[in-house]
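Comments concern the structure below.
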Amino acid sequence: MGTSVEQIDRTYGHLLPDSLERARGALDAFLAAERLNADDAPMGM
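Going by numbering that gives the first Met the number 0, the sequence shown runs without a break in its numbering and finishes at 44.
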């Protein structure tokens with residue numbers, strides 16, 4: 000079983016009509032937070 004957004008949508012998409020958009024939004028929010036955390040990290044770490 001894959002963990003791509005498309006695979007998750009194919010498996011569980013029927014449970015939530017807008018699941019693909021919600022999953023992409025959650026991944027985008029996670030990546031944005033990771034970028035902010037990386038920007039706050041001290042240099043050389």
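Using N, Cα and C, we set each Cβ at its ideal position, and we do this for glycine too.
Point to revise | Span of the alpha helix (DSSP H) around Thr10 | key: Here residue 10 refers to the residue found at position 11 when the sequence shown is read from its first residue. Thr10: member of the alpha helix (DSSP H) spanning Val4 to Tyr11, first to last residue.
Review point. With a CB to CB cut of under 8 Å and the five nearest residues on each side skipped, what residues in its chain are close to Ser18?
Key: Position 19 of the sequence shown, counted from the start, is the residue given in the question as residue 18. Excluding sequence neighbours, Ser18 sits near Ile7, Asp8, Tyr11 and Gly12.
Review point. With DSSP run on the structure shown, which of helix, strand or coil describes Asp38?
Key: Working through the sequence shown from its first residue, we reach residue 38 at position 39. In the three-state reduction of the DSSP assignment, Asp38 falls in the helix class, which pools H, G and I.
Review point. Are Ala22 and Val4 touching if we call contact CB-CB under 7 Å?
Key: For the purposes of this step, residue 22 is taken as the residue at position 23 of the sequence shown. For the purposes of this step, residue 4 is taken as the residue at position 5 of the sequence shown. Yes; because the gap between Cβ atoms is below 7 Å, this pair is in contact.
Review point. In the structure shown, what three-state DSSP assignment does Leu15 receive?
Key: Residue mapping note: residue 15 aligns to position 16 of the sequence shown, counting from 1. If DSSP states are grouped into helix, strand and coil, Leu15 belongs with coil.
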